[in-house]
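So in the UniProt record's numbering, spot 3 of the sequence shown is number 3, and the numbers just go up one at a time. Here the structure comes first, spelled out in structure tokens, and everything after it is commentary.
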Amino acid sequence: MMMQQSHDMQAFKDVLSKSKHIIAVAGAGLSAASGIPTFRGAGGMWRKYNAMSLATPEGFHENPSLCWQFYHYRRETANKAQPNAAHNALGAFSLPSIRHLIAPESSFTLITQNVDGLSVLALEKALESATDADLNVEQPKILEMHGRLFDVKCTKAECGHVEFNRTSPICAALQGTEDLVEANAMDPDIPRADLPRCSKCNALARPGVVWFGEMPVHLDTIEGLVGRADLCLVVGTSSTVYPAAVYAEVVAENGGKVAVFNLDRSEGDEDANFLFLGPCEETLPEALS
Ligand code: BV8
Ligand code: ZN
């Protein structure tokens, strides 16, 4: 029997109030209102900079100069960005002292595909007004499954040094190359010696993100949370990248409910119990208040 899809916010809030194990799966649309370009769509990065080839180990190995300019550009953009109302709504909802007024005794984890760190900033802001109950929660509040833009990793496995580094620019040679990236005229020949180096062993460093073909992080924890969820919010994602794209389906197969908050139609959204088309910086604050 075809499930009847709802666009009714009150009906969603009734389901939310009865949910006990809630997860959110977020993508680039969550950060769009903060000025971070998404991957697909009009200004999409995949098309403009052929990011699909840059965001791979092969792309980095082949030309670390091009790859680092792409990630320097993303770092500079993210460094200038602030969390928007959708990030803040998720940050507040992560606090049991707030969430339990809406969904009593529920647990919540945000599983984000984004690497910009804006959800972490929003959570830190929400935690400023946290109670003790908010702090000693065993379940993680955020899982950044595709790594972090500001993590800088050594390329030498035997060293393995990783550090969180927001420096702008990360190295002198990349200073001002954002304009080249904007003009899609990146310089393929910045000498490796001038690219970011590991601060421990001086080997070439790489961005601490998960590239295509690499294993996402926190997968075991994520798969456990997905297996237990009775409600999955899908926020600002085209749901075209795996394995994140299947989590909502798993929740539905287990008898849980799915609510999609997206600007446009997205993969599999016809199977969602709830579909709220529009900017998530407007729909999500309403849904989680
Ligand atoms: C892996 C970090 C092995 C780097 C990224 C089947 C099973 C498993 C793997 C695969 C499979 N089929 C293919 C694969 C391989 C591959 C894959 O999925 N390829 C795709 C292209 C088919 N997957 C992998 O390689 C992954 N690793 O599979 O390991 C494995 C196997 C089995 C089980 C486990 C592991 C690793 C993928 C990670 C790649 N790294 N990011 C970087 O950022 O540079 S992916 C990157 O692109 C993002 O992190 C994100 O995940 C993805 C982009 O997707 P979205 O976030 O959805 O963004 P998009 O622009 O597409 O959509 C934005 C949406 O927002 C739009 O719908 C738009 O309408 C909406 N929107 C816009 N504005 C707003 C809005 N919505 C609301 N409000 C707004 N204001
Ligand atoms: Zn090193």
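Here a beta-carbon is modelled for each residue, glycine too, at the ideal position from N, C-alpha and C.
Spatial distance of residue i from residue j (CA atoms)
{"i": "residue 8", "j": "residue 113", "result": "27 angstroms"}
{"i": "residue 64", "j": "residue 88", "result": "35 angstroms"}
{"i": "residue 217", "j": "residue 232", "result": "19 angstroms"}
{"i": "residue 107", "j": "residue 73", "result": "36 angstroms"}
{"i": "residue 151", "j": "residue 280", "result": "27 angstroms"}
{"i": "residue 5", "j": "residue 249", "result": "15 angstroms"}
{"i": "residue 264", "j": "residue 189", "result": "39 angstroms"}
{"i": "residue 205", "j": "residue 67", "result": "12 angstroms"}
{"i": "residue 10", "j": "residue 289", "result": "11 angstroms"}
{"i": "residue 79", "j": "residue 101", "result": "34 angstroms"}
{"i": "residue 211", "j": "residue 39", "result": "14 angstroms"}
{"i": "residue 196", "j": "residue 240", "result": "31 angstroms"}
{"i": "residue 174", "j": "residue 165", "result": "15 angstroms"}
{"i": "residue 221", "j": "residue 172", "result": "38 angstroms"}
Residue i CB to nearest heavy atom of the ligand ZN below 7 angstroms
{"i": "residue 156", "result": "yes"}
{"i": "residue 161", "result": "yes"}
{"i": "residue 293", "result": "Coverage of the chain is limited to positions 1 through 289, which leaves residue 293 absent and any answer about it impossible."}
Sub-8 angstroms separation of residue i and residue j beta-carbons
{"i": "residue 167", "j": "residue 141", "result": "no"}
{"i": "residue 277", "j": "residue 262", "result": "yes"}
{"i": "residue 71", "j": "residue 180", "result": "no"}
{"i": "residue 23", "j": "residue 225", "result": "yes"}
{"i": "residue 246", "j": "residue 147", "result": "no"}
{"i": "residue 19", "j": "residue 103", "result": "yes"}
{"i": "residue 31", "j": "residue 116", "result": "yes"}
{"i": "residue 153", "j": "residue 203", "result": "no"}
{"i": "residue 26", "j": "residue 236", "result": "yes"}
{"i": "residue 125", "j": "residue 161", "result": "no"}
{"i": "residue 55", "j": "residue 96", "result": "no"}
{"i": "residue 90", "j": "residue 284", "result": "yes"}
{"i": "residue 135", "j": "residue 111", "result": "no"}
{"i": "residue 287", "j": "residue 12", "result": "yes"}
Near the ligand BV8: residue i beta-carbon under 7 angstroms from a heavy atom
{"i": "residue 260", "result": "no"}
{"i": "residue 242", "result": "yes"}
Any non-hydrogen atom of the ligand ADP closer than 7 angstroms to residue i Cβ
{"i": "residue 198", "result": "Among the ligands in the structure shown, the ligand ADP does not appear; only the ligand BV8 and the ligand ZN can be found there."}
Entirely within the stretch 157-220 and at least 4 residues each: give me those alpha helix (DSSP H) ranges in chain order. 178-182
To test your reading of the DSSP string, which unbroken beta strand (DSSP E) runs of 3 or more residues are found completely within the stretch 210-285? 231-235, 257-262 and 274-277
Give the list of continuous beta strand (DSSP E) stretches no shorter than 3 residues that lie fully inside the stretch 65-105. Runs of the beta strand (DSSP E) lying entirely within the stretch 65-105, each at least 3 residues long, are absent.
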